[in-house]
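So the mapping is simple: my numbering equals the position in the sequence shown, first residue as 1, plus 9. Built from N, CA and C at the ideal position, the CB exists for glycine as well. Here the structure is a predicted model, which is why all the values come from computation and not from measurement. The structure appears right after this line, and notes come after that.
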Amino acid sequence: MKREVPGNCPICGGETKVTEIHCRKCETTIKGEFDLCKFCRLTEQQKYFVEVFIKNRGNIKEIEKELGISYPTVRNKLDEVIFALGHKVEKPAVNQKEILEKLSRGEISKEEALKLLNE
10 MKREVPGNCP
20 ICGGETKVTE
30 IHCRKCETTI
40 KGEFDLCKFC
50 RLTEQQKYFV
60 EVFIKNRGNI
70 KEIEKELGIS
80 YPTVRNKLDE
90 VIFALGHKVE
100 KPAVNQKEIL
110 EKLSRGEISK
120 EEALKLLNE
């Protein structure tokens, strides 16, 4: 079973720090306070989403198919990852023309189009 350093405390949710690193080969131990990478702070679900996103080269349609979720859900999950990585998430203005074009091409359902138009 693969064990990863938890990016957040499982008790209170606070940020964790690594305080010791040990080399199995030469038995060297380094003590101090080390920051984790931004990606270590993602939840397992967010890491999986990032993996699927990269594997599909950001193609939203393929991500929808693989995860069995709608376009708005893909966008929401992407926004969650962006926020978790410490970036500001700005909701773009609704592009009605683009939404209607996706609807006419069959890329989104009418329910998804309505949801997007009402955001």
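- Sequence-distant partners of C49 (beyond 5 residues in either direction) whose C-beta falls short of 7 angstroms from its own C-beta, in its chain, are V14 and G16.
- Separation of the CB atoms of L94 and K47 is rounded to 5 angstroms, and the pair is thereby assigned contact status at 8 angstroms.
- With respect to the C-alpha of N85, the residue from K74, E110 and L125 having the closest C-alpha is L125.
- In the structure shown, I39 adopts extended strand secondary structure according to DSSP, grouped into three states.
- Restricting attention to T37, F43, I39 and T38, the CA atom closest to the CA of T25 is found in F43.
- Closest option to G41, judged by alpha-carbon separation, among C32, R33 and T28: T28.
- Secondary structure note for E53: its alpha helix (DSSP H) is the uninterrupted segment E53 to K64.
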